[in-house]
Amino acid sequence: MILETFPVGPLQCNCTILGDEQSHEAMVIDPGDNIPDVLIRLAKHGLTLKQIVVTHAHIDHVGGALQLKKATGAPILLNQADLPLLKMMDVQAGWLGVATPEVAPPDTSAEEGMVVGIANHPAQVIHTPGHTPGSVCLYVGADHLLLAGDTLFAGSIGRTDLPGGDSRKILRSIRDRLLILPEDTRVIPGHGPGSTIGREIESNPFLQPGVQL
Ligand SMILES: [Zn+2]
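Next up, the structure:
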């Protein structure tokens with residue numbers, strides 16, 4: 011497995027390249043910005059991009075997706091429940107004081123239970139509403155890997171104060187859908203350092219028994 015995670019854009023969204031050495035196929039998760047850098051990294055590994063998965067339609071995660079699609083021809087997957095957020099990209103750009111990136115509706119809605127990914131690295135879509143209505147995580151079981159978007163962070167959880175956010179839903183999503191994964195599952199969040207499911211069960215202050223938001 012080729013795995014590269016690197017921060018992109020002013021909010022330092024973690025963009026991830028997952029590639030397969032044998033088939034030379036790759037998927038990119040959350041290409042929020044810095045698309046020339048993403049393309050250089052793909053070329054460096056000799057990878058052909060097959061799929062762009064966006065965990066949710068916040069500008070820092072989706073901002074570069076269309077540019078990457080235009081450069082590679084790879085389809086964009088994003089859960090349809092985030093289409094309203096995608097349509098308010100100008101408002102989101104206003105929050106950050108940045109130019110509005112060109113975006114387009116996804117080619118496919120990333121739906122609960124769908125298996126996406128590339129040869130030898132199938133990834134299961136887990137719908138985890140809360141941070142946004144259409145937030146999804148990707149579980150790459152063969153590689154003990156969870157791409158958690160802005161749902162679960164090392165020692166924290168995603169904010170729910172933006173439009174469409176829901177603090178009860180995010181806790182339910184994390185508890186019912188993520189904490190049941192094997193404890194050695196490596197977690198790559200949408201921002202900041204990585205973790206494991208076991209470490210978050212043990213020490214994430216938002217996930218301790220009895221915590222209500
Ligand atoms: Zn977000």
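Heads up, the sequence shown is in my numbering, so the first residue is 11 and it goes up one at a time. Here a beta-carbon is modelled for each residue, glycine too, at the ideal position from N, C-alpha and C. Bear in mind the structure is a predicted one, so any value in this text is a computation, not a measurement.
Just to confirm, is the Cβ distance from Leu88 to Ala114 under 8 Å? no
Leaving out five residues on either side along the sequence, give the residues of the same chain with a beta carbon under 6 Å from the beta carbon of Gln102. Ile69
Return helix, strand or coil for Ser166, following the three-state DSSP convention. strand
Lys79 versus Asp186 - alpha carbon distance: 33 Å
Return the residue from the list Val72, Gly165 and Ser177 that minimises the CA-CA distance to Asn214. Gly165
Per DSSP, what are the beta-bridge partners of Thr195 in this structure? DSSP, once it has assigned bridges, lists no residue as partnering Thr195.
Quick one: give me the first and last residue of the alpha helix (DSSP H) that His71 is part of. Ile69 to Val72
Please determine, among Asn44, Glu14 and Gly202, the residue with the shortest C-alpha to C-alpha distance to Thr26. Glu14
In chain order, which alpha helix (DSSP H) runs of at least 4 residues are fully inside the segment 89 to 143? 93 to 97 and 99 to 106
Compare the Cα-Cα distances from Ala84 to each of Arg51, Gly151 and Thr118 and report the closest residue. Thr118
Hey, is Gly200 close to ligand 1, as in C-beta under 7 Å from one of its heavy atoms? yes
Which residue's Cα is closest to the Cα of Ile198: Leu57, Ile190 and Leu155? Leu155
Would you call Val63 buried or exposed, if buried means 16 or more other Cβ atoms sit within 10 Å of its Cβ? buried
Element boundaries [beta strand (DSSP E), containing Glu210]: Run containing Glu210: none in the beta strand (DSSP E); it sits in the alpha helix (DSSP H), Ile207 to Ser213.
Sort Gly104, Glu121, Glu122 and Gly208 by Cα distance to Asp194 and report the nearest one. Gly208
CA nearest to the CA of Pro203, picked from Asp160, Gln90 and Asp153: Asp160
Would you check whether ligand 1 has a heavy atom nearer than 7 Å to the C-beta of Asp92? no
State the CB to CB distance for the pair Asp100 and Pro139, rounded to an integer number of angstroms; the pair is presumed to be in contact (CB under 8 Å). About 24 Å separates the two Cβ atoms, so there is no contact after all.
Residue burial classification, Ile167 (beta-carbon count within 10 angstroms, cutoff 16): buried
Note down, in chain order, each residue of its chain lying with its Cβ closer than 6 Å to the Cβ of Ile45, except the 5 sequence neighbours on either side. Gly74, Gln77 and Leu78
Across which residues does DSSP place Leu156 in a beta bridge pair? Tyr149 and Val197
Going along the chain, which residues of its own chain have a beta-carbon closer than 8 Å to the beta-carbon of Ala109, five neighbours each way excluded? Ala103
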